[in-house]
Amino acid sequence: MKKCFLLYATVFTILLTSCLTVNQKKIIEPPYTPPVQQSADAGEKEKLFYVYYSAKDKPVIDGDFSEWDGLQGIHVRRMVYGGLFNPEDTDGLFVVRADDQYLYLYAKIDDNDPEINTFPAPQAWRGDSIEFFFGTDTGRHTFYKGTDHRVRIVPQSKTNKFAYDFSIDDVS
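Residue numbers 52 to 223, in my numbering, belong to the letters of the sequence shown in order.
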């Protein structure tokens, strides 16, 4: 019995230590690193952003966005991942409105070369998509925190504006 236990303990020790190596691991570069571009953002400084509140004037959800005209939003020119970014033919305007019950999000995206995004919404940051980030932590921070939430809209057709995927905090 004692010999059997010693044999099993020896085999277990050899198996456990055999996964250790004395050779230094080779670091492999990732397959793609997006190029750093100077024009990929309007600036890193904090931007002033308005949320329009009205208990009486609620936007009508009818596909006509003329009632959003004249509302000041924020222009975003940030590309997180992907190919080349051309600020001359790509622009995004984001406007937020609220009433006593709902939060309304508006995004007007101009892109002369849109791409069909075939990724599911939780992975859609890899292609063309629209993202709204909201957080309850009002302190300045440069990375996303657990108090930040994301709404992502992923267009999946160049011709059908109703073909899209949608997720909140990566749940679609």
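Yeah, the Cβ is synthetic: ideal placement off N, Cα and C, and Gly gets one too.
Remember, it's a predicted structure, so these values are computed and weren't measured experimentally.
Taking DSSP as the reference, what is the three-state secondary structure of residue i?
i: ARG148; result: strand
i: LEU122; result: coil
i: SER117; result: helix
i: ILE219; result: strand
i: TYR59; result: helix
i: ILE112; result: coil
For residue i and residue j, I'd like the C-alpha separation in whole angstroms.
i: PRO173; j: ASP221; result: 4 Å
i: ARG191; j: GLY197; result: 14 Å
i: PHE145; j: PHE183; result: 8 Å
i: VAL205; j: ALA106; result: 30 Å
i: LYS212; j: GLY121; result: 23 Å
i: TYR215; j: PRO165; result: 14 Å
i: ASP108; j: ALA149; result: 10 Å
i: GLY143; j: PHE217; result: 18 Å
i: GLY186; j: HIS200; result: 6 Å
i: TYR180; j: ASN168; result: Looking at the sequence itself, residue 180 is Ser, so the reference to Tyr does not match. Rounded to the nearest angstrom, the two C-alpha atoms are 8 Å apart.
DSSP has residue i in a bridge; who is on the other side?
i: HIS192; result: Bridge partners of HIS192: none, in fact.
i: ALA106; result: Answer is none; ALA106 lacks a bridge partner.
i: GLY143; result: VAL127, ILE160
i: TYR153; result: None; TYR153 has no bridge partner.
Inset, instruction - Identify every run of the beta strand (DSSP E) within the segment 162-216, keeping only runs that are complete inside it and at least 3 residues long; order them along the chain. - result: Qualifying beta strand (DSSP E) stretches, in chain order: 181-186, 199-206.
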